[in-house]
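If you're matching them up, the sequences are chains A and B in order. Plus 120 on top of the position in the first sequence (first one is 1) and you've got this note's numbering. Plus 476 on top of the position in the second sequence (first one is 1) and you've got this note's numbering.
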Amino acid sequence: GAVVSQHPSWVICKSGTSVKIECRSLDFQATTMFWYRQFPKQSLMLMATSNEGSKATYEQGVEKDKFLINHASLTLSTLTVTSAHPEDSSFYICSARWSSGGSRGDTQYFGPGTRLTVL
Amino acid sequence: AQSVTQPDIHITVSEGASLELRCNYSYGATPYLFWYVQSPGQGLQLLLKYFSGDTLVQGIKGFEAEFKRSQSSFNLRKPSVHWSDAAEYFCAVGKAAGNKLTFGGGTRVLVKP
């Protein structure tokens, strides 16, 4: 099956620093990746849609200057949390769209997530 | 706007018993529907999906789901639960298969020995 990885799996940083999270599709090319955020015991909320070679599309209420997304290749998207604060502490999950090319349509495959703790 | 409701926040079931998780959606057109499972501290694994055709969909790990358009529901079932099925389950809806998804609030399943 399609595999998506994230790095790091967890990170602790000081308030005011920036953190970069990588999302990679390991065995397929993904023109589109998605970034979600999940607070403890809550559901996933879409933050942005990342398209290879173009600017990301952010959901309403998500600060694009704070959550920088770069999708420089067909297998890599990065999310950078700039000037992180404790309220940014969360579980960040990416997904990559896999195109089967058949009648069953595309599917999203999710990474294992990155737990960010800002002190 | 599309939305997904999972009425049950927690469900406790005995090992070997059957399980049904409810999912109701609101969407203006034919939805693409998904069920995902998340183990603690992990990402999401796709259990099954529905796009069109047979309304009873078979998935992995012995799960199945039935799409009922008249009830706007896509309930997940498993005839006999195993202890390893303890996890959080999310129902999701999208405009198309690979488009952004809207998730329900999730249902946490606890399995009693």
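Note that beta-carbon positions come from the ideal geometry of N, C-alpha and C, so glycine has one too.
Apart from the 5 residues on each side of it in sequence, A/Ser-219 sits with its Cβ closer than 6 angstroms to the Cβ of Asp-226 in its chain, given in chain order. Contact between B/Lys-588 and B/Glu-496 is absent: CB atoms are separated by about 16 angstroms, not below the 8 angstroms threshold.
Residue contact check for B/Leu-520 against chain A: a CB pair falls below 8 angstroms. Residue-level contact by beta carbon holds for A/Ile-213 and chain B, with a gap shorter than 8 angstroms.
Uninterrupted beta strand (DSSP E) stretches at least 3 residues long and entirely within the region 493 to 577 of chain B occur at 495 to 497, 500 to 502, 508 to 514, 520 to 526, 532 to 534, 540 to 544, 549 to 554 and 563 to 570, given in chain order. Between the C-alpha atoms of B/Gly-574 and A/Arg-217 there is a straight-line separation of about 6 angstroms. Of the candidates B/Val-569, B/Gly-535 and B/Val-585, the residue whose Cα lies closest to the Cα of B/His-558 is B/Val-585.
Only those residues of the region 548 to 569 of chain B whose C-beta falls short of 9 angstroms from the nearest C-beta of chain A are listed: Glu-564, Phe-566 and Ala-568. Contact annotation: A/Ala-204 and A/Val-123 have beta-carbon atoms that are not nearer than 8 angstroms. Here B/Ile-485 is exposed: its Cβ has fewer than 16 other Cβ atoms, across all protein chains shown, within 10 Å. Here A/Gly-136 is exposed. Its C-beta has fewer than 16 other C-beta atoms within 10 Å.
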